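Take a look at the structure set out below.
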Amino acid sequence: MASNRGKFTGPSVAARSNIYAPSTARNKPQKAAPPPTYNVKLFLLMPMPGHGFTALELLNIDVDAAFEQIRDQFQVTITVLDDGDMIEIKAFNRKKANDAVRALRKILERKPGDRIVWRPLALIKPLSSGNDNSQIALIPNDEGIEGARPFAIVKAGHSSESTDDTDGTQYKEDLQKALARAVENLRYVPNRMRMRINFGHVLLKEWKKDQSEYTFAELKQMAHRAGPRGTVHMHTHIGHDNTVSRIKEQLRLIEDCVPQDIRINTTEDTPPSISLVLLTKNLVTESVIDFARGKSEIGSKERVTYKYVLGPMSVFHRERRARAVTIMTSCPEESFDWCLEVQSQVDSSKTPFPFQDKALRENVQFKDAAVTNRFPTININPYFLRANGVDVIIGKTSWTYLIKSRYVLEVGLYHQWHKDVKSKPSTGAVVSLYGCEWDYETEPADISKGPRDWTNFADNFLKSGSDDSDTFEDLTSLVSQVQAVLAEATKGDS
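Every letter in the sequence shown is one number past the one before it in full-length UniProt numbering, and letter 27, counting from 1, is 27.
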């Protein structure tokens with residue numbers, strides 16, 4: 001597509017989506033004027049991201065405003081086709097059309113340091129029996145969240161194993177390409193980032209009417225469309241409040257049953273980390289809850305005491321759909337799916353925080369008299385929550401396990417409230433996996449002279465020091481091991 005840059009071509013067969021049409025009688029209740037008669041129609045074919053132009057982000061407010069300005073300035077109609085690769089311009093004459101094209105090219109031209117817009121991805125891991133011998137059904141989620149999850153089903157008379165691994169090979173290639181594209185996208189992000197593999201359920205929010213069973217090819221095509229449309233999401237809450245203890249028990253049981261080099265090393269003596277997470281419309285704030293040492297006097301005796309205190313606050317973007325780098329993989333044969341997600345930390349010098357550490361500490365009270373290894377009972381000023389647009393409050397207690405001396409498995413128990421902490425919270429588990437050096441690799445970077453010097457996902461995120469034996473296959477094998485632990489730990493959950 002890059003070879004067509006700057007050319008005008010014929011119309012695309014894709015359906016239209018965003019239309020920017022001029023109106024000469026805006027906000028007037030009089031009889032509507034007949035539609036304008038355009039004499040010129042041009043099609044601007046946009047190249048792929050990275051070839052001189054920024055990928056078109058349909059839901060970007062800045063792009064909307066710029067398109068509306070061009071529409072009004074040149075009295076043209078601009079139609080963005082559904083895939084975002086082609087723009088149709090209708091004008092009264094060729095001069096207005098050419099002027100509009102030049103203006104569009106100017107605002108979409110990539111500048112040094114521009115971030116490539118991400119297209120959300122949803123992948124489907126193929127079934128081991130092959131799509132000719134099996135089907136996949138969409139089962140509505142039973143937790144009150146709109147969407148359905150793909151599950152493998154066995155059809156009568158089709159129990160033989162397929163030896164054709166074409167789908168499996170293609171899935172691995174698609175996943176590796178997606179990871180490579182994610183690295184290319186993130187090279188242009190100067191902020192600190194947090195990259196995690198999360199486990200849960202991939203839920204599709206749209207499917208073909210009156211059809212619940214699909215072949216692998218049909219489901220793959222549907223998931224490919226659902227990603228950019230935003231009609232698929234990852235639900236990462238696992239099980240109930242007692243699921244965490246069962247996950248920890250499963251980790252202990254398998255510790256002595258696997259080779260030393262892939263053993264999950266558990267350390268029960270290590271206390272969990274506790275944090276308070278607040279979600280606003282655009283931001284995610286996370287504050288570590290720590291222990292402060294003090295002294296108290298009982299009669300003539302002095303005793304050392306501890307109390308909860310809020311530590312430093314980290315603030316991450318609650319990304320728009322086309323900015324959130326997320327690669328979701330639905331695994332119909334597994335009890336749980338997985339996704340790779342990247343959050344970028346907010347640069348306080350460019351984006352002011354909604355509130356500062358001091359203000360948060362002044363509005364949070366810890367009610368427990370003694371310190372324990374669990375999330376404390378808290379009270380948060382309701383006015384503070386409303387004034388700062390906080391709609392979700394999460395208390396998280398996390399245990400970490402070292403795997404292969406280079407990966408960390410984090411098992412968290414969450415308490416979640418909406419709007420305030422007076423109601424009864426929902427509880428459950430959240431599980432994530434990440435490399436020990438990922439946080440180091442994604443520290444803030446100066447990209448004024450060029451993007452980060454990342455080459456590909458494997459070189460930058462799968463290798464550690466002089467030992468470069470880790471591969472893409474090792475990572476997916478480790479993901480499967482974690483999926484097996486979660487499946488065993490959640491047996492019997494309703």
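A virtual CB, placed ideally from N, CA and C, is assigned to each residue, including glycine. In this text the structure is predicted, and so the values were computed from the model without any measurement.
Roughly how many whole angstroms lie between the Cα atoms of Pro140 and Glu146?
Position 140 of the sequence shown holds residue 140. Position 146 of the sequence shown holds residue 146. Going from the Cα of Pro140 to the Cα of Glu146 covers about 8 Å.
Give me the Cα-Cα distance between Gly200 and Gly230, rounded to the nearest whole angstrom.
To locate residue 200, count along the sequence shown from 1; it is residue 200. To locate residue 230, count along the sequence shown from 1; it is residue 230. For Gly200 and Gly230, the distance between alpha carbons rounds to 18 Å.
Using 8 Å for Cβ pairs, my map puts Asp72 next to Leu123. What's the rounded Cβ distance?
As a working mapping, residue 72 is identified with position 72 in the sequence shown. As a working mapping, residue 123 is identified with position 123 in the sequence shown. In fact, because the Cβ distance is near 41 Å, the residues do not count as touching under 8 Å.
Near residue 496, what residues of its chain come up, given a Cβ to Cβ distance below 7 Å and the 5 sequence neighbours on each side ignored?
Shown here, the chain extends from 1 to 494; a query on residue 496 therefore has no answer.
What residues in its chain sit with their C-beta under 6 Å from that of Glu206, if we drop five residues either side in the sequence?
Within the sequence shown, the letter at position 206 stands for residue 206. Thr231, listed in sequence order.
Would you check if the distance between the CB atom of Leu204 and the CB atom of Ala226 is smaller than 8 Å?
Residue 204 sits at position 204 when you count from the first residue of the sequence shown. Residue 226 sits at position 226 when you count from the first residue of the sequence shown. Yes, the Cβ-Cβ distance between Leu204 and Ala226 is below 8 Å.
Which partner residues of Ala100 appear in the DSSP bridge assignment?
What you label residue 100 is simply residue 100 of the sequence shown in a count that begins at 1. DSSP lists no partner for Ala100.
Got a sec? Which residues, its chain only, sit under 6 Å from Thr400 by beta carbon, not counting five neighbours each side?
Taking the sequence shown and counting its residues from 1, one reaches residue 400 at position 400. These residues qualify, in order along the chain: Val408 and Glu410.
Please name the residue in Ile136, Ala103 and Arg196 whose C-alpha comes closest to that of Tyr214.
Locating residue 214 in the sequence shown gives position 214, counting from the first residue. Residue Ile136 is the option with its Cα nearest to Tyr214.
Quickly, what does DSSP pair residue 510 with across the bridge? List them, please.
Because the chain is modelled from 1 through 494, residue 510 falls outside the range shown and cannot be assessed.
By the three-class DSSP mapping on this structure, what secondary structure does Phe316 have?
Translated into the one-based positions of the sequence shown, residue 316 becomes position 316. Phe316: strand per DSSP, three-state reduction.
In whole angstroms, give me the CA-to-CA distance for Cys436 and Leu253.
Here residue 436 corresponds to residue number 436 of the sequence shown, with the count starting at 1. Here residue 253 corresponds to residue number 253 of the sequence shown, with the count starting at 1. C-alpha separation (whole angstroms): 24 Å.
According to DSSP, is Gly435 helix, strand or coil?
Locating residue 435 in the sequence shown gives position 435, counting from the first residue. In this structure, Gly435 counts as strand in the three-state DSSP scheme.
Going by Cα to Cα distance, which pick from Asn39, Arg246, Phe92 and Lys41 is closest to Ala484?
On the sequence shown, residue 484 is found 484 positions in, with the first residue counted as 1. Per the Cα distances, Arg246.
Under 8 Å by Cβ, that's how I've got Phe241 and Thr427 pegged, so tell me the actual separation to the nearest angstrom.
Your numbering for residue 241 matches position 241 in the sequence shown. Your numbering for residue 427 matches position 427 in the sequence shown. Residue identity differs from the one stated: residue 241 is Asp in this sequence, not Phe. The Cβ separation is near 4 Å, so the contact holds.
Can you give the Cα-Cα distance for Ser398 and Leu413, rounded to whole angstroms?
Mapped onto the sequence shown, residue 398 falls at position 398. Mapped onto the sequence shown, residue 413 falls at position 413. Taking the straight line from one Cα to the other gives about 6 Å.
Thinking just about the alpha-carbon of each residue, which of Val183, Asn381 and Ile274 is nearest to the one in Phe457?
Looking up residue 457 in the sequence shown gives position 457. That would be Val183, whose Cα lies nearest to the Cα of Phe457.
Ignore the nearest five residues each way along the sequence and tell me which others in Glu488's own chain have a CB closer than 7 Å to its CB.
As a first step, residue 488 must be located in the sequence shown, where it is residue number 488. Only Gln250 meet the Cβ criterion.
Which residues in the same chain as Val479 place their Cβ atom closer than 8 Å to its Cβ, once the five residues preceding and following it in sequence are excluded?
Stepping through the sequence shown from its first residue, residue 479 is reached at position 479. Excluding positions up to five away in sequence, the list reads Ile197, Trp338 and Leu433.
So, for Lys209: in the same chain, excluding its five sequence neighbours on each side, which residues have a beta-carbon less than 7 Å away from its beta-carbon?
The count along the sequence shown starts at 1 and reaches residue 209 at position 209. Closer than 7 Å at Cβ, skipping near neighbours: no residue.
Taking the continuous beta strand (DSSP E) assigned at Ser275, which residues delimit it?
Here residue 275 refers to the residue found at position 275 when the sequence shown is read from its first residue. Ser275 -> beta strand (DSSP E) spans Ser273 to Leu279.
Take Asn460 and list the residues in its own chain whose beta-carbon comes closer than 8 Å to its own, dropping the five residues that flank it on each side.
Walking along the sequence shown from the start, residue 460 turns up at place 460. So the list reads Val183, Glu441 and Trp454, once near-sequence residues are dropped.
Take Trp438 and list the residues in its own chain whose beta-carbon comes closer than 7 Å to its own, dropping the five residues that flank it on each side.
Residue 438 sits at position 438 when you count from the first residue of the sequence shown. The answer, listed in chain order, is Met195 and Phe461.
Using three-state DSSP, classify Gly230 as helix, strand or coil.
Translated into the one-based positions of the sequence shown, residue 230 becomes position 230. Coil, per DSSP.
Cutting at 6 Å between CB atoms, please list the residues of its own chain near Gln365, excluding the five before and the five after it.
Your numbering for residue 365 matches position 365 in the sequence shown. Taken in chain order, the residues that qualify are Asn379.
Using only CA atoms, which one of Ile447, Thr280 and His317 lies nearest to Val392?
Reading the sequence shown from its first residue, position 392 is the one you call residue 392. Nearest of Ile447, Thr280 and His317 to Val392, Cα basis: Thr280.
Please return the same chain residues whose Cβ sits closer than 8 Å to the Cβ of Gly311, not counting the five positions on each side in sequence.
By 1-based counting over the sequence shown, the position of residue 311 is 311. Ser287, Val288, Ile289 and Asp290.
Where DSSP assigns a beta bridge to Val408, which residues make up the other side?
Locating residue 408 in the sequence shown gives position 408, counting from the first residue. For Val408, which the question treats as bridged, DSSP gives the partners Leu402 and Tyr434.
Which two residues bound the contiguous beta strand (DSSP E) that contains Gln75?
Counting from one through the sequence shown, the residue named residue 75 turns up at place 75. Gln75 -> no beta strand (DSSP E), and no H or E assigned at all.
At the level of alpha carbons, what is the spacing between Thr285 and Leu402?
To locate residue 285, count along the sequence shown from 1; it is residue 285. To locate residue 402, count along the sequence shown from 1; it is residue 402. If I take the Cα positions, the gap works out to 26 Å.
For my contact list, residue 497 and Leu283 are in at a C-beta cut-off of 8 Å; report their separation, rounded to the angstrom.
Absent from the model: residue 497. The displayed extent of the chain is 1 to 494, so no value can be given.
Please list the terminal residues of the continuous alpha helix (DSSP H) segment that includes Gln135.
Along the sequence shown, read from residue 1 onward, the residue named residue 135 stands at position 135. Per DSSP, Gln135 belongs to no alpha helix (DSSP H); it is in the beta strand (DSSP E), Gln135 to Pro140.
Among the residues of its own chain, which have a CB less than 7 Å from the CB of Ala148, if the five just before and after it don't count?
Within the sequence shown, numbered from 1, the residue matching residue 148 stands at position 148. The answer, listed in chain order, is Leu138, Ile139, Pro140, Asn141, Leu203, Leu204 and Trp207.
Short check: CB of Gln345 to CB of Asn191, under 8 Å?
Walking along the sequence shown from the start, residue 345 turns up at place 345. Walking along the sequence shown from the start, residue 191 turns up at place 191. Yes, they are a contact pair.
Below 8 Å CB to CB, which residues in the same chain sit around Phe353 once its five sequence neighbours on both sides are set aside?
As a working note, residue 353 is residue 353 in the sequence shown. So the qualifying residues of the chain are Leu283, Thr285, Met313, Val315 and Val346.
Within 10 Å of its beta-carbon, does Lys95 have 16 or more other beta-carbons around it, so buried, or fewer, so exposed?
Within the sequence shown, numbered from 1, the residue matching residue 95 stands at position 95. By the 10 Å Cβ count, Lys95 comes out exposed.
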